[in-house]
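Numbering (the working numbering), first residue to last: 70 to 355.
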């Protein structure tokens with residue numbers, strides 16, 4: 070285990086570019102003194118060498134379970150959400166705090182297993198899309214707005230590919246789903262209807278008594294669209310891109326560090342599970 074002055078963090082799924090952000094924030098910029106990425110799990114040798122040099126990381130293991138006894142916490146950044154449960158469960162069962170980069174899981178069954186393991190072993194579990202913390206969200210999520218009136222309809226549009234090798238629609242689709250939930254106050258959702266038209270998947274539902282449309286657009290050979298949201302009230306509308314800055318992973322990392330420091334999960338089990346339930350309902354309709 071790490072020495073008493075440093076909370077050591079192992080990273081699983083090093084192929085993801087988000088890992089560069091986490092290492093930069095913790096090891097290079099020292100944004101959270103006392104917290105450091107010390108161990109990398111798996112990955113191609115060239116990628117390991119790149120990240121080891123970036124963050125002055127000298128410890129590497131082959132499997133997630135090998136982190137036990139070597140680090141205090143873990144970040145899972147594996148692109149395929151279908152692998153997250155098998156990677157997280159040994160750590161959660163040992164009581165280790167775990168941040169799962171989006172999505173928490175690719176199925177409700179996996180998500181429930183992870184949440185149950187965390188609860189039963191007093192482990193802290195967190196997962197979140199970066200879109201929940203974009204600067205536009207503060208205004209969009211005001212259910213009662215002087216400029217718009219009470220929110221009546223929400224539309225979130227963004228890239229996602231149902232044929233992605235990383236568990237299909239879940240890889241990018243979780244962003245649009247979590248953004249819609251955040252805008253609508255993370256309330257319960259109703260029946261889900263889905264249509265597939267010319268490279269788009271359009272899902273409609275009601276969240277917190279607000280009519281919601283989520284549109285997933287598959288990229289063509291010219292590239293992919295950016296994230297966009299519109300919120301309509303009875304007398305006004307806000308339409309805006311959802312802006313991801315160079316530090317778009319910082320708010321999620323901040324939440325993770327605060328969770329470890331306080332010993333308190335910032336998100337309830339119910340709200341951790343809800344986006345996976347909504348995403349699975351959409352995928353089931355396909």
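Think of the CB as a built atom: it goes at the ideal place given N, C-alpha and C, for glycine as much as any other residue.
Since we're looking at a predicted model, the values are computed, not measured.
In terms of DSSP beta bridges, what is residue 276 paired with? The count along the chain shown starts at 1 and reaches residue 276 at position 207. Answer is 258 and 279, bridged to residue 276.
At which residue ranges does the region 210 to 246 contain complete beta strand (DSSP E) runs of 3 or more residues, listed in the order of the chain? 218 to 228
Output yes or no for whether 8 Å exceeds the beta carbon distance between residue 39 and residue 297. Nothing about residue 39 can be reported from this structure: the residues present for the chain run from 70 to 355 only.
If we require 3 or more residues per run, which beta strand (DSSP E) segments fall completely within the region 80 to 139? 104 to 110 and 128 to 130
Short check: CB of residue 169 to CB of residue 153, under 8 Å? Residue mapping note: residue 169 aligns to position 100 of the chain shown, counting from 1. Residue mapping note: residue 153 aligns to position 84 of the chain shown, counting from 1. The Cβ atoms of residue 169 and residue 153 lie closer than 8 Å to each other.
Which residues mark the beginning and the end of the beta strand (DSSP E) in which residue 197 is found? Against the chain shown, residue 197 aligns to sequence position 128. Looking at the DSSP string, the run of the beta strand (DSSP E) that includes residue 197 is 194 to 197.
Run through DSSP, which three-state label would residue 326 get? In the chain shown, residue 326 corresponds to position 257, counting from 1. If DSSP states are grouped into helix, strand and coil, residue 326 belongs with the helices.
Residue 265 by DSSP, collapsed to three states: which one? As a working note, residue 265 is residue 196 in the chain shown. DSSP, read as helix, strand or coil, puts residue 265 in strand.
What are the boundary residues of the alpha helix (DSSP H) that residue 310 is part of? Position 241 of the chain shown holds residue 310. Here residue 310 belongs to no alpha helix (DSSP H); instead the beta strand (DSSP E) covers 306 to 310.
Any chance the CB of residue 298 is under 7 Å from a heavy atom of the ligand PLP? Ligands are entirely absent from the displayed structure, and the ligand PLP is therefore not among its contents.
Are the CB atoms of residue 192 and residue 167 nearer to each other than 8 Å? Within the chain shown, numbered from 1, the residue matching residue 192 stands at position 123. Within the chain shown, numbered from 1, the residue matching residue 167 stands at position 98. The beta carbons of residue 192 and residue 167 sit closer together than 8 Å.
Output yes or no for whether 8 Å exceeds the beta carbon distance between residue 350 and residue 261. Position 281 of the chain shown, counting from 1, holds the residue named residue 350. Position 192 of the chain shown, counting from 1, holds the residue named residue 261. Yes; because the gap between Cβ atoms is below 8 Å, this pair is in contact.
Could you tell me how far apart the beta carbons of residue 231 and residue 270 are, in whole angstroms, since I believe they sit closer than 8 Å? Within the chain shown, residue 231 is the residue found at index 162, counting from 1. Within the chain shown, residue 270 is the residue found at index 201, counting from 1. Indeed, because the Cβ distance is near 6 Å, the residues count as touching under 8 Å.
Assuming residue 178 is part of the alpha helix (DSSP H), what are its boundary residues? Walking along the chain shown from the start, residue 178 turns up at place 109. Note, residue 178: alpha helix (DSSP H), 177 to 189.
What does the alpha-carbon distance come out to for the pair residue 174 and residue 180? As a first step, residue 174 is located in the chain shown; it is residue number 105 there, counting from the start. As a first step, residue 180 is located in the chain shown; it is residue number 111 there, counting from the start. Rounded to whole angstroms, residue 174 to residue 180 spans 5 Å at the Cα level.
Can you tell me whether residue 266 is buried or exposed? The criterion is at least 16 other CB atoms within 10 Å of its CB, across all chains shown. By one-based count along the chain shown, residue 266 stands at place 197. It is exposed - the Cβ of residue 266 has fewer than 16 other Cβ atoms within 10 Å.
Using DSSP's beta-bridge definition, name the partner residues of residue 286. The residue given as residue 286 occupies position 217 in the chain shown. In the DSSP output, where bridge partners are listed per residue, residue 286 has 228 and 269.
Cβ neighbour criterion (16 or more within 10 Å) applied to residue 303: Counting from 1 along the chain shown, the entry for residue 303 is found at position 234. Residue 303 comes out exposed.
If we ignore side chains and look at the alpha-carbon of each, how far apart do residue 263 and residue 158 end up? Counting from one through the chain shown, the residue named residue 263 turns up at place 194. Counting from one through the chain shown, the residue named residue 158 turns up at place 89. Approximately 32 Å, taken between the alpha carbons.
Would you please state the rounded distance, in angstroms, between the beta carbons of residue 342 and residue 92? I believe it to be under 8 Å. Position 273 of the chain shown, counted from the start, is the residue given in the question as residue 342. Position 23 of the chain shown, counted from the start, is the residue given in the question as residue 92. Between residue 92 and residue 342 the Cβ distance is about 29 Å, and since that is not below 8 Å, they are no contact.
Would you check if the region 204 to 217 and the region 127 to 138 touch, i.e. whether three or more CB-CB distances between them fall below 8 Å? As far as the Cβ criterion goes, the region 127 to 138 does not touch the region 204 to 217, which means the pair count is below three.
Residue 84 vs residue 188 beta-carbon contact at 8 Å: Looking up residue 84 in the chain shown gives position 15. Looking up residue 188 in the chain shown gives position 119. No, the pair does not count as a contact, with Cβ atoms beyond the cut-off.
Have a look at residue 203 and residue 248 and give me their C-alpha separation to the nearest angstrom. The sequence position of residue 203 within the chain shown is 134, counting from 1. The sequence position of residue 248 within the chain shown is 179, counting from 1. Taking the straight line from one Cα to the other gives about 9 Å.
Decide yes or no for the touch test of the region 73 to 80 against the region 105 to 118: beta carbon pairs closer than 8 Å, at least 3 of them. yes
Which partner residues of residue 300 appear in the DSSP bridge assignment? Counted from its first residue, the chain shown places residue 300 at position 231. Residue 300 is bridged to 223 and 307.
Whether residue 294 touches residue 300 by CB criterion (8 Å): For the purposes of this step, residue 294 is taken as residue 225 along the chain shown, with counting starting at 1. For the purposes of this step, residue 300 is taken as residue 231 along the chain shown, with counting starting at 1. Contact flag unset, no.
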